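*Asks:* Please see the structure below; I have some questions.
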Amino acid sequence: MARKKKRGRPERQRRRRQQQRKQYEELDKYPVLPPHAFARIVRDLRTLNILYQVIEPPLTKKEQEQFEEILDIFVRSLTADIAEIDADPVAYLRAAMDQIIKSYSMRVNKKSRSKIFYYLKRDLIGYGRMDVLMNDANVEDVSLDGVGIPIFAYHRKFESVETTIAWPDDHELESYVIKLAQRCGKHISVAEPLLDATLMDGSRIVMKLGYEISTRGSTFCIRRFREDPFSPCDIIAFRTMTSLMVAYMWICFQQGISMLFVGGTASGKTTTLNAMSLFIPWQMKIVSIESTREINIPQPNWIPGLTRQGFGGESTDGEIGEFELLKAALRERPEYIIVGEIRGVEAYVLFQAMATGHCSYSTVHADSVTALVHRLENKPINIPRVLLPALEAVSIQMQTRINGRRVRRTKQTVEIVGVDSHTGEVITNEVFKWDPGRDDYDFSGKSYVLEKIMVKINMDQDEMRNELRTRKRILDWMVLNDIRKSDQVAQIITEYYVRPQAVLARVDGLR
């Protein structure tokens with residue numbers, strides 16, 4: 011009878027796989043946390059929806075019992091040596107598991123030990139059942155809409171997909187949300203059920219607890235933070251900009267031209283700003299100010315500032331906002347100021363900084379120069395029109411669909427020339443414009459900003475054209491040779507500032 015059972019299990023597994031093949035069409039499969047965790051993207055042949063399946067090693071009944079026993083012993087015997095745990099939590103956990111197995115004379119083979127450690131690490135150090143999603147480099151956003159509802163993820167290749175991860179129980183989900191808040195170093199409760207915070211890896215998260223402000227129960231939305239941010243070469247490869255447009259940005263950022271990146275939600279404003287910030291010369295002092303961490307640049311002379319919420323619920327005691335941080339930044343003698351997003355009174359200080367010669371960059375929600383001017387001039391920002399010429403250029407980002415795929419494009423690159431003294435109208439010059447019919451960009455050939463730079467660095471028109479072409483050639487060479495990692499790109503940019511001929515020799519294949 012025992013032999014029949016052993017033969018029956020593979021047979022049942024084979025039938026289950028056959029049934030899944032009939033129900034799902036596999037579109038992609040790749041390792042996320044090898045050798046244990048994989049992501050499998052399938053199409054449900056009944057609903058035709060795309061599904062993100064998390065594949066993790068199954069535990070046998072004995073392995074599950076051993077896992078629960080080890081977990082219970084570990085939690086009960088956990089020491090208070092926080093420094094040792096923080097130094098290397100993975101090594102600490104592995105040593106603790108090995109010690110528990112040895113002390114309690116557990117019979118755990120090598121394969122079972124590996125699987126049990128995977129789940130211990132996942133649940134104690136990682137993000138629990140959501141750990142695979144949070145380690146998948148292809149996942150941009152993670153959104154849970156309530157109890158019993160599957161998580162939806164935004165995948166770089168397949169866009170918005172339903173996952174196999176859900177919390178069917180209210181109490182379990184609320185406990186998980188509270189745990190996420192604690193990992194951010196924050197507090198969430200029924201009294202304060204809304205929290206906007208930053209996770210340990212830099213990802214931005216918005217949480218709602220219980221049914222106080224959400225009819226479906228606890229929810230959260232995570233915007234993933236890239237440890238290796240997009241570089242200017244990625245922006246070219248994605249066709250968000252052409253190499254000529256990025257060469258223009260290169261000159262502008264090096265020479266301290268103040269600029270805003272504007273567009274709708276998820277149009278790539280901050281991503282593009284972060285990528286172009288690689289062009290800031292390495293030795294320059296940079297101060298960034300954000301409410302949640304999104305800017306990530308490699309320059310060493312960089313002071314990243316973060317706002318702080320007040321203490322005690324609705325109290326503003328101890329609160330430090332972007333306005334206060336920006337005022338403090340001006341006393342730190344920065345050469346470049348980056349504000350994550352301007353939406354209030356801090357914009358006035360930023361424009362004052364621009365007007366007094368501080369090169370400044372930020373993002374704003376608007377879909378055109380006209381809409382941007384209206385936002386800046388009206389409440390709560392209230393920038394007087396006389397200050398607008400302090401802003402020298404605007405890059406308008408957008409999200410659109412091409413051949414059924416969601417893509418990001420730079421709709422326009424516009425220079426702010428000045429304000430008409432008679433009509434009061436803002437005078438602009440469109441340098442680059444996206445043509446949706448061709449999915450390509452047109453260059454007007456006229457740039458007041460480049461003319462201003464020519465005067466500043468004593469360069470004539472032919473020399474500027476040649477410089478623009480040279481930088482375009484370097485960018486094309488990097489994209490062609492798949493030099494796209496931010497540290498590699500930053501190294502070549504810095505080398506070009508110091509030894510341009512050496513970089514050009516590499517581009518021309520001379521060494």
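Residues 11 to 521 in the numbering used here are what the sequence shown lists, from first letter to last. Even glycine gets a Cβ: it sits at the ideal position worked out from N, Cα and C. Quick caveat, the model's predicted, so the values are computed rather than measured.
#1: Would you give the residue range spanned by the alpha helix (DSSP H) that Met364 belongs to?
#2: With Thr410 as the anchor, note down where its beta strand (DSSP E) starts and where it stops.
#3: Cα separation between Leu37 and Arg50?
#4: What's the C-alpha gap between Asn311 and Ser268?
#5: What does the alpha-carbon distance come out to for the pair Trp292 and Ile493?
#6: Output yes or no for whether 8 Å exceeds the beta carbon distance between Ser372 and Ile393.
#7: Leaving out the 5 sequence neighbours to the left and right, which residues in its chain are closer than 7 Å to Met11 when beta-carbon positions are compared?
#8: Note down the Cα distance separating Thr480 from Pro510, rounded to an integer number of angstroms.
#9: For the ligand ATP, I want to know if Gln498 counts as a neighbour, meaning its beta carbon is within less than 7 Å of at least one of the ligand's heavy atoms.
#10: Assuming Val383 contacts Leu360 (C-beta within less than 8 Å), just tell me the rounded distance between them.
#11: Can you tell me the Cα-Cα spacing of Tyr129 and Phe77, whole angstroms?
#12: Nearest-angstrom Cα distance between Ile80 and Leu43?
#13: Here's a check: name, in chain order, each residue in its chain whose Cβ is nearer than 8 Å to the Cβ of Gly447, leaving out the five neighbours to either side.
#14: Buried or exposed: where does Lys125 fall if 16 or more other Cβ atoms within 10 Å of its Cβ makes it buried?
#15: Classify Thr173 as buried or exposed, calling it buried when 16 or more other Cβ atoms lie within 10 Å of its own Cβ.
#16: Please classify Ile426: does DSSP put it in a helix, a strand, or coil?
#17: Locate the alpha helix (DSSP H) running through Phe77, then write down its first and last residues.
#18: Just reading off the alpha helix (DSSP H) that Cys194 is part of, what are its end residues?
#19: Near Arg166, what residues of its chain come up, given a Cβ to Cβ distance below 7 Å and the 5 sequence neighbours on each side ignored?
#20: If you draw a straight line from the alpha carbon of Leu343 to that of Pro314, how long is it in whole angstroms?
#21: If the criterion is Cβ atoms closer than 8 Å, does the pair Gly350 and Ile305 meet it?
#22: Between which two residues does the alpha helix (DSSP H) carrying Thr480 extend?
#23: What does a CB cutoff of less than 7 Å around Glu184 pick up in its chain, not counting 5 residues either side in sequence?
#24: Could you compute how far the alpha carbon of Lys15 sits from the alpha carbon of Ile232?
#25: Sort out for me which residues DSSP pairs Cys7 with in a bridge.
#26: Tell me whether Asp518 is buried or exposed, calling it buried when 16 or more other Cβ atoms sit within 10 Å of its Cβ.
#27: Going by DSSP in three states, Asn439 sits in which element: helix, strand or coil?
#28: Assuming Ile484 contacts Val513 (C-beta within less than 8 Å), just tell me the rounded distance between them.
#29: With distances taken Cα to Cα, identify the nearest neighbour of Trp444 among Ile406, Pro239, Leu335 and Val200.
#30: From the DSSP output, read off the bridge partner residues of Lys39.
#31: Select from Trp260, Leu283 and Gly274 the residue whose C-alpha is nearest the C-alpha of Phe289.
#32: Buried or exposed: Tyr114, going by 16 or more other Cβ atoms within 10 Å of its Cβ?
#33: Confirm, please, whether the CB-CB distance from Ile245 to Ser298 is below 8 Å.
#34: Have a look at Gln74 and Ile135 and give me their C-alpha separation to the nearest angstrom.
#35: Quick check on His71: buried or exposed, where buried means 16 or more other Cβ atoms within 10 Å of its Cβ?
#36: Which ranges would you report for the alpha helix (DSSP H) in the segment 90-153 if only whole runs of at least 4 residues count?
*Replies:* Quick look at the numbers:
#1: Glu356 to Ala365
#2: Ala403 to Ile412
#3: 8 Å
#4: 19 Å
#5: Near 19 Å, if we compare the C-alpha coordinates of Ile493 and Trp292.
#6: no
#7: Residue placement at Met11 cannot be trusted, given a pLDDT of 45 that sits under 50; what the coordinates show is reported in the next sentence. Same-chain partners within the cutoff: there are none.
#8: 10 Å
#9: This structure lacks the ligand ATP; in fact it carries no ligand of any kind.
#10: Not really, about 15 Å apart at Cβ, beyond 8 Å.
#11: Each residue's CA atom was taken as its position, placing Tyr129 and Phe77 some 8 Å apart.
#12: 22 Å
#13: Excluding sequence neighbours, Gly447 sits near nothing in its chain.
#14: buried
#15: With 16 or more Cβ atoms within 10 Å of its Cβ, Thr173 is classed as buried.
#16: strand
#17: Lys71 to Arg86
#18: Where Cys194 is concerned, there is no enclosing alpha helix (DSSP H), given that its DSSP letter is neither H nor E.
#19: Excluding sequence neighbours, Arg166 sits near Asn148 and Glu150.
#20: The sequence given here places Arg at residue 343; Leu does not occur at that position. Using only the alpha carbons, I get a separation of about 14 Å.
#21: yes
#22: Gln471 to Leu490
#23: Leu219, Gly220 and Ser228
#24: Here the model assigns Lys15 a pLDDT of 47, short of 50, so the residue's position is not dependable, and the following value carries that caveat. In a straight line, the C-alpha of Lys15 is about 45 Å away from that of Ile232.
#25: This structure leaves residue 7 out entirely; the chain is present only between 11 and 521.
#26: exposed
#27: strand
#28: That belief holds up - the Cβ atoms of Ile484 and Val513 are roughly 6 Å apart, short of 8 Å.
#29: Ile406
#30: Arg50
#31: Trp260
#32: exposed
#33: no
#34: 19 Å
#35: In the sequence as presented, His is not what sits at residue 71; that position holds Lys. Looking at its Cβ environment, which holds fewer than 16 other Cβ atoms inside 10 Å, Lys71 is exposed.
#36: 92-97, 99-113, 120-134 and 141-145
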